[in-house]
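There are 2 protein chains.
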Amino acid sequence: MVASTQKFLEQIDVFGIAFYEGRGCRTFHDPLPGCESKIAELVRTHTVKSLNVICHIRKATNGRVCLENTHPFTRELWGRSWAFAHNGRLKGVKDWPLRFYKPIGTTDSEHAFCWILDQIRRHHPAPPKRDMAVLRLVRELTARLNGCGTFNMMLCDSRYLYCHCSTDLSWLTRRAPFGEAHLIDTELTVDFAKETTPRDIVTVITTRPLTHHEPWQVMERGSIVVFRDGLPVGAYRQSA
Amino acid sequence: MVASTQKFLEQIDVFGIAFYEGRGCRTFHDPLPGCESKIAELVRTHTVKSLNVICHIRKATNGRVCLENTHPFTRELWGRSWAFAHNGRLKGVKDWPLRFYKPIGTTDSEHAFCWILDQIRRHHPAPPKRDMAVLRLVRELTARLNGCGTFNMMLCDSRYLYCHCSTDLSWLTRRAPFGEAHLIDTELTVDFAKETTPRDIVTVITTRPLTHHEPWQVMERGSIVVFRDGLPVGAYRQSA
Chain A
757 MVASTQKFLE
767 QIDVFGIAFY
777 EGRGCRTFHD
787 PLPGCESKIA
797 ELVRTHTVKS
807 LNVICHIRKA
817 TNGRVCLENT
827 HPFTRELWGR
837 SWAFAHNGRL
847 KGVKDWPLRF
857 YKPIGTTDSE
867 HAFCWILDQI
877 RRHHPAPPKR
887 DMAVLRLVRE
897 LTARLNGCGT
907 FNMMLCDSRY
917 LYCHCSTDLS
927 WLTRRAPFGE
937 AHLIDTELTV
947 DFAKETTPRD
957 IVTVITTRPL
967 THHEPWQVME
977 RGSIVVFRDG
987 LPVGAYRQSA
Chain B
757 MVASTQKFLE
767 QIDVFGIAFY
777 EGRGCRTFHD
787 PLPGCESKIA
797 ELVRTHTVKS
807 LNVICHIRKA
817 TNGRVCLENT
827 HPFTRELWGR
837 SWAFAHNGRL
847 KGVKDWPLRF
857 YKPIGTTDSE
867 HAFCWILDQI
877 RRHHPAPPKR
887 DMAVLRLVRE
897 LTARLNGCGT
907 FNMMLCDSRY
917 LYCHCSTDLS
927 WLTRRAPFGE
937 AHLIDTELTV
947 DFAKETTPRD
957 IVTVITTRPL
967 THHEPWQVME
977 RGSIVVFRDG
987 LPVGAYRQSA
């Protein structure tokens with residue numbers, strides 16, 4: 757996707773990306789226009805394969821643009837690296853008390869992330885034996901945050917990727933035989949057969965579908981989908 | 757220092773670097789040979805000025821080489837980003853119990869870092885009014901760690917840079933008028949007048965002096981020096 761990434765980078769102001777590599781998590785943050793950025797250029801040509809990648813992009817329309825306010829945010833819990841990116845606004849969340857994790861920057865998003873990890877740590881000082889216990893808690897916590905405004909988010913603990921849809925979130929799984937995809941925003945076509953091996957399974961989650969003629973799953977408002985190893989392992993309506 | 761950095765990168769296997777930019781801390785980690793690395797290339801040409809930079813390099817002689825084992829390590833405490841790099845071995849430290857911070861990788865260094873932050877958090881759940889209280893505690897903690905082996909380390913809380921010398925640590929402050937420096941390892945000369953402004957104050961701390969004919973301060977074994985804004989603000993013998 758090298759060519760398309762270049763075009764795409766020209767349209768954005770602020771971006772950040774987190775790649776999981778083994779237990780480690782590598783982040784690149786760039787509060788500068790993408791087309792001028794050497795960091796964007798590095799990400800464009802970064803060929804390391806990762807089982808989980810979280811990317812966040814935005815126009816610099818509001819909020820101070822600086823490194824500490826740039827998503828994805830990361831923290832350590834249970835000796836795992838957690839990463840978080842959010843799209844939306846959350847009213848009043850910065851008044852919610854925090855105990856273990858404190859924001860470094862000033863965004864409502866980082867405060868919400870700290871609050872989620874605070875609550876997980878409070879309920880589970882050590883990782884619970886059953887992964888479902890964490891999922892259940894993440895569902896409760898994201899539902900509460902959703903009550904404060906718009907909360908489209910991705911949260912990864914290096915194994916599971918939790919995606920909460922408040923207003924806009926869609927996903928698509930591609931697997932062999934890989935074909936061509938036609939981007940909606942530009943006239944570009946990407947041949948995924950050239951970018952993948954037959955054994956790859958690739959799921960893309962975005963605020964809006966990126967391509968024509970592919971079976972995007974548009975998530976329901978107020979729902980959560982959990983992914984592991986590139987595949988959905990659970991989908992839940994928050995109102996249920 | 758672009759030219760010298762290139763030469764230098766060819767000689768190392770594993771490197772990592774942390775740049776403080778405002779309250780944010782940007783890290784680049786590279787568990788690959790430096791001369792082949794795009795990340796090394798980015799760092800070489802990264803021109804952002806930073807008030808605190810911590811860099812860690814080593815030959816891949818021992819320990820699994822992977823992202824999560826690559827210094828500097830970072831964690832958040834009191835809403836500040838802390839970074840840590842260590843040179844040496846610490847016997848038995850991985851048996852020391854941890855409460856708040858857990859290692860993501862398997863190094864004794866990251867365990868020691870987690871233990872330091874654990875102890876600081878335990879004594880000061882919020883930042884103490886007097887910075888001296890943290891310094892006093894860091895002195896105690898580093899002295900205890902030093903008892904386990906070799907503990908040359910740098911620890912930064914985004915304001916203060918704490919440097920503990922176990923066997924090898926030297927530092928040098930350069931300020932206007934900046935001149936030429938002649939590197940010890942190679943025949944290269946660097947003209948710092950070209951790299952600085954007259955108002956800059958630049959302190960370099962390394963395991964061994966890097967240049968000839970400059971007034972390097974070789975730290976005493978078992979001593980700690982604290983820097984702020986590029987200048988030493990305190991020096992202490994641990995045995996005192």
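Residue numbers (the numbering used here), protein chains in the order written: chain A, 757 to 996; chain B, 757 to 996.
Glycine residues also receive a C-beta, built at the ideal position from the N, C-alpha and C atoms.
- In the region 799-823 of chain A, which residues sit with their C-beta less than 8 Å from some C-beta in chain B, listed in chain order? Within the region 799-823 of chain A, the residues whose Cβ lies closer than 8 Å to some Cβ of chain B are T801, H802, C822, L823, listed in chain order.
- Message: Any beta carbon from chain B within less than 7 Å of S837 (chain A)'s own beta carbon?
- Response: The C-beta of S837 (chain A) comes closer than 7 Å to at least one C-beta of chain B.
- Query: Around the C-beta of D947 (chain A), are 16 or more other C-beta atoms found within 10 angstroms, so that it is buried, or is it exposed?
  - Reply: Label assigned to D947 (chain A): exposed.
- Query: Would you say R779 (chain B) reaches chain A, if we count a Cβ-Cβ gap shorter than 7 Å as a contact?
  - Reply: Yes, R779 (chain B) counts as interfacial toward chain A.
- Message: Given this structure, state the Cα-to-Cα distance separating L833 (chain B) from L987 (chain B), to the nearest angstrom.
- Response: Here the alpha carbon of L833 (chain B) sits roughly 24 Å from the alpha carbon of L987 (chain B).
- Query: Between V758 (chain B) and chain A, is there a C-beta pair that is closer than 7 Å?
  - Reply: Interpretation of V758 (chain B) is limited by its pLDDT of 36, a score under 50 that renders its predicted location unreliable; the figure taken from the coordinates is listed afterwards. So no, V758 (chain B) is outside the interface.
- Item | Beta-carbon contacts of T906 (chain A) that lie in its chain and below 8 Å, excluding the five residues immediately before and after | Non-local C-beta neighbours of T906 (chain A) in its own chain, meaning closer than 8 Å and more than five positions away in sequence, comprise N843, G844, R845, L846, S922, T923, ordered along the chain.
- Supposed close pair V804 (chain A), F784 (chain A) - CB separation, criterion 8 Å: Contact check for V804 (chain A) and F784 (chain A): beta-carbon distance about 12 Å, past the 8 Å limit, so the pair fails to qualify.
- Select from the region 856-869 of chain B all residues with a C-beta closer than 8 Å to any C-beta belonging to chain A, and list them in chain order. For chain A, the residues of the region 856-869 of chain B that bring a beta carbon within less than 8 Å of one of its beta carbons are F856, Y857, K858, P859, I860, G861, in chain order.
- Which residues does DSSP pair with S865 (chain B) in a beta bridge? In DSSP, S865 (chain B) forms no bridge with anything.
- Check whether the Cβ atoms of L891 (chain A) and V982 (chain A) lie closer than 7 Å to each other. Closer than 7 Å, so yes.
- Message: Judging by CA-CA distance, which residue of A:D874, A:T959, A:F775, A:G935 is the nearest neighbour of H969 (chain A)?
- Response: Checking every option, the nearest Cα to that of H969 (chain A) belongs to A:G935.
- Quickly, what does DSSP pair S926 (chain B) with across the bridge? List them, please. For S926 (chain B), which the question treats as bridged, DSSP gives the partners B:T962, B:V974.
- Query: Which residues in chain B sit within 8 Å of R782 (chain A), going by Cβ to Cβ distance?
  - Reply: The contacting residues are H785, L823.
- What three-state label does DSSP hand P882 (chain A) in the structure shown? Checking the displayed sequence, the identity of residue 882 (chain A) turns out to be Ala instead of Pro. Coil at A882 (chain A), not helix or strand.
- Message: Using C-beta distances below 6 Å, list every residue in its chain close to F869 (chain B), excluding the 5 sequence neighbours before and after it, in chain order.
- Response: Hits under 6 Å: F829, F840.
- Please report how far the alpha carbon of E866 (chain A) lies from the alpha carbon of I860 (chain A), in whole angstroms. The C-alpha of E866 (chain A) lies about 8 Å from the C-alpha of I860 (chain A).
- Query: Is it right to say M909 (chain A) is buried, meaning 16 or more other beta carbons lie within 10 angstroms of its own, or is it exposed?
  - Reply: The residue in question, M909 (chain A), is buried, as its Cβ has 16 or more Cβ neighbours within 10 Å.
- Message: Determine, for K885 (chain A), whether the minimum Cβ-Cβ distance to residues of chain B falls below 7 Å.
- Response: Chain B contact via Cβ: absent.
- Closer than 7 Å by beta-carbon distance: list the chain B residues that pair up with E832 (chain A), in chain order. Within chain B, the residues near E832 (chain A) are R831, Y857, K858, I860.
- Item | Test item: CB-CB of C912 (chain B) and N825 (chain B) under 7 Å | Not in contact: C912 (chain B) and N825 (chain B) (Cβ atoms no closer than 7 Å).
- Contacting residues, own chain, Cβ-Cβ under 6 Å from W838 (chain A) (five flanking each side not counted): Excluding residues within five positions, the ones whose Cβ falls inside 6 Å are R831, D913.
- Message: What would DSSP say about Q994 (chain B), mapped onto helix, strand or coil?
- Response: In the three-state reduction of the DSSP assignment, Q994 (chain B) falls in the coil class.
- Task: Compare the C-alpha of R895 (chain B) against each of B:I872, B:P883, B:H880, B:C904 and name the closest.
- Result: Each of B:I872, B:P883, B:H880, B:C904 was checked against the Cα of R895 (chain B), and the nearest Cα belongs to B:I872.
- Query: Thinking just about the alpha-carbon of each residue, which of A:G780, A:D874, A:C822, A:R779 is nearest to the one in G772 (chain A)?
  - Reply: Here the closest residue by C-alpha is A:C822.
- Message: With H, G and I counted as helix, E and B as strand and the rest as coil, what does DSSP make of G986 (chain A)?
- Response: Coil, per DSSP.
- Message: Check whether chain A comes within 7 Å of K850 (chain B), counting only Cβ atoms and requiring the distance to be less than that.
- Response: Against chain A, the CB of K850 (chain B) has no partner CB under 7 Å away; the residue lies outside that interface.
- Message: Excluding the 5 residues flanking R964 (chain A) on each side, which residues of the same chain have their C-beta closer than 7 Å to its C-beta?
- Response: Result list for R964 (chain A): D924, S926, in chain order.
- Query: Along chain A, which residues have their Cβ under 8 Å away from the Cβ of S795 (chain B)?
  - Reply: For clarity, residue 795 (chain B) is Ile in the given sequence; the question names Ser instead. Simply L798.
- So what does H842 (chain B) bridge to, in DSSP terms? BP columns for H842 (chain B) point to B:M909.
- On a CA-only basis, which of B:L966, B:G978, B:S979, B:R931 is nearest I957 (chain B)? Give me that one, please. I957 (chain B) has its Cα closest to that of B:R931, out of B:L966, B:G978, B:S979, B:R931.
- Do A937 (chain B) and T967 (chain B) have their CB atoms nearer than 7 Å? A contact, by the Cβ cut-off of 7 Å.
- The beta strand (DSSP E) with D947 (chain B) in it runs from where to where? For D947 (chain B), the enclosing beta strand (DSSP E) has its first and last residue at 945-947.
- Enumerate in chain order the residues of its own chain whose CB-to-CB distance from D985 (chain B) is below 6 Å, with the five nearest sequence positions on each side excluded. Its chain contains no residue whose beta carbon lies nearer than 6 Å to that of D985 (chain B) once the 5 sequence neighbours on both sides are disregarded.
- Item | Local Cβ density within 10 Å of A996 (chain B), reported as buried at 16 or more and exposed below that | Because the pLDDT at A996 (chain B) is just 44, under 50, the model does not fix this residue reliably, and the point stays unresolved.
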